[in-house]
Amino acid sequence: MNRRHGMEAIYGIGGGMVSAAAQKNLEKAENLCRKRKPKQALPYLMAAIKENPDNLDAAIQFAFLTDAQGALEVLEGAENTGRAVLKRVLGNDCFDDSGDSVGHFWGILETRPYMRVLQALVRVYFENRKYADSVKTMIEMLRLCPGDNMGQRKWLGSVLIHNGRYADALFFAQVWLADKRGDSPPRGGTNFTAPSKDLVDANDEKDLAKYGEGSLLHTAALASFKLFGDCPQSRQFLKMAAQAQPYVLLKVLASVSRPLNLNMDPRSMNGPEEAHDYLWLTQDLWMEPEVWKWANENPDARNAVLKDCSRKGCPIREEKVAQFKRCSACHLVRYCSPDCQKTDWSAHKAACKAHKQQKAFLRSWQTGKPTRDKSAMPTFASDFANGMHMVPQI
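Using numbering that gives the first Met the number 0, read the sequence shown as starting at 0 and increasing by one per residue.
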């Protein structure tokens, strides 16, 4: 939940742990940073820190304005500060498994700035190739909040593979993919044991190919291949991954360059934005010669990424990956020729316009700006904290 829209939008950062003046200065700094004006943001950021020295979100923003070593020092210092603050507010046992807080940290407003510090550390450790530290931090986040409100399950499997922990990556993906009721696994799936070598049964395979989380399916496929080679299990996971989230292998098999940055746009499950971020984390692993050759020679993977022309009635199908050009406005359709694109425009126009409006609407909401399209379909997002429940309309 974006803190500009959830409980923290009403009760303040960390439930009011940061003053209104400090929060206002922080938001000004963040807005300027989004506009790529870091020098103009610094005075507001320093004012936010001066107003509240324990302002962890200001420390996060400051960390991303400095160099790699400076960022680590700032964030590690913020982590220590955050632990001290939470022990003072919630009690000395708040980080103990036997206490009342561990297991539902995100549901306690005061913990949220600290959790955001850990999330920032995960990224900075990864960018500095400190994979073991990144993994350790995510495991701690999932211990504190097994429900994974911060989306670490999309990252942990990839970083475990970077760290050479293939068995743990496969186990982690299998645990989350087996969750059918929405219950979070114990300790967020980090009670690592030996992964299963069994295949997913036919019914579950069909469901996962439609609705499975692409990052977890790709993690399972890659980890299984690293462990067991080209086996029925690795091929099954690769097939499901390609069907559920085809954008990943589309980029891999087309040998497109790894993304340079994370994608900050709003996203839908298994959409191109999620694929972008997964590839930022993992594409170099998929481009290893033996892995790329395995995926490229898999008929199910290739079949999932080779596309038909989007013009109704056109029988032409791609012969090589990413052969057809996509609509530059929405990227949702692709055509074998300019003539097909021109002919199909009258049929595609409404969907293309609606998609662009939806993206603009979500982007405005994400940045805390008023939405322009008052007729947009209302969307709701729940936020549970401190025994309270609110459902802000997006």
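A virtual CB, placed ideally from N, CA and C, is assigned to each residue, including glycine.
{"Item": "Can you tell me whether R310 is helix, strand or coil according to DSSP?", "Value": "coil"}
{"Item": "With the cut-off set at 8 Å, would you say A303 and A241 are in Cβ contact?", "Value": "yes"}
{"Item": "Whole angstroms are fine: how far does the CA of I160 sit from the CA of W279?", "Value": "14 Å"}
{"Item": "F104 and M114 - do their beta-carbons sit closer together than 8 Å?", "Value": "yes"}
{"Item": "In whole angstroms, what separates the C-alpha of A219 from that of L169?", "Value": "5 Å"}
{"Item": "Which stretch, first to last residue, makes up the alpha helix (DSSP H) that contains C32?", "Value": "A19 to R33"}
{"Item": "Report all residues from its chain with a CB closer than 7 Å to the CB of R310; omit the five preceding and five following residues, and keep chain order.", "Value": "Y334, C339, T342 and D343"}
{"Item": "For K129, does the three-state DSSP call read helix, strand or coil?", "Value": "coil"}
{"Item": "Classify Q68 as buried or exposed, calling it buried when 16 or more other Cβ atoms lie within 10 Å of its own Cβ.", "Value": "exposed"}
{"Item": "Let's test the definition: count the other Cβ atoms within 10 Å of the Cβ of H330 and tell me whether it reaches 16, buried, or not, exposed.", "Value": "exposed"}
{"Item": "Alpha carbon to alpha carbon, what distance is there between A28 and P37?", "Value": "8 Å"}
{"Item": "Just how far apart, CA to CA, sit G146 and P314?", "Value": "45 Å"}
{"Item": "Tell me the rounded alpha-carbon separation between A294 and R301.", "Value": "8 Å"}
{"Item": "Looking at Y277: is its Cβ nearer than 8 Å to the Cβ of G213?", "Value": "yes"}
{"Item": "Which same chain residues end up closer than 7 Å to F224 when comparing Cβ atoms and leaving out the 5 residues on each side of it in sequence?", "Value": "S233, V290 and W293"}
{"Item": "Using only the alpha-carbon positions, how far apart do L252 and T281 sit?", "Value": "14 Å"}
{"Item": "Give me the Cα-Cα distance between A350 and K358, rounded to the nearest whole angstrom.", "Value": "12 Å"}
{"Item": "Taking DSSP as the reference, what is the three-state secondary structure of K196?", "Value": "coil"}
{"Item": "Where do the N-terminal and C-terminal ends of the alpha helix (DSSP H) with D182 fall, by residue?", "Value": "Per DSSP, D182 belongs to no alpha helix (DSSP H) and is neither H nor E."}
{"Item": "Who does R333 pair with in a DSSP beta bridge?", "Value": "R325"}
{"Item": "Within the continuous alpha helix (DSSP H) that includes K250, where are the two ends?", "Value": "P245 to L252"}
{"Item": "Can you check whether the CB of A21 is closer than 8 Å to the CB of A62?", "Value": "no"}
{"Item": "Let me confirm a value: T211 is counted as buried when at least 16 other C-beta atoms fall within 10 Å, else exposed. Which label applies?", "Value": "Per the sequence shown, the amino acid found at residue 211 is Gly instead of Thr. Buried is the call here."}
{"Item": "For a test of the three-state rule: what should DSSP assign to R316, helix, strand or coil?", "Value": "strand"}
{"Item": "From S336 to E317, what distance separates their C-alpha atoms?", "Value": "11 Å"}
{"Item": "Quick one: grab the DSSP three-state call for A5.", "Value": "Note that residue 5 corresponds to Gly in the displayed sequence, not to Ala. Of the three classes helix, strand and coil, the one that applies to G5 here is coil, per DSSP."}
{"Item": "Drop a sphere of 10 angstroms on the beta-carbon of D200, count the other beta-carbons inside from all chains shown, and report buried for 16 or more, exposed for fewer.", "Value": "exposed"}
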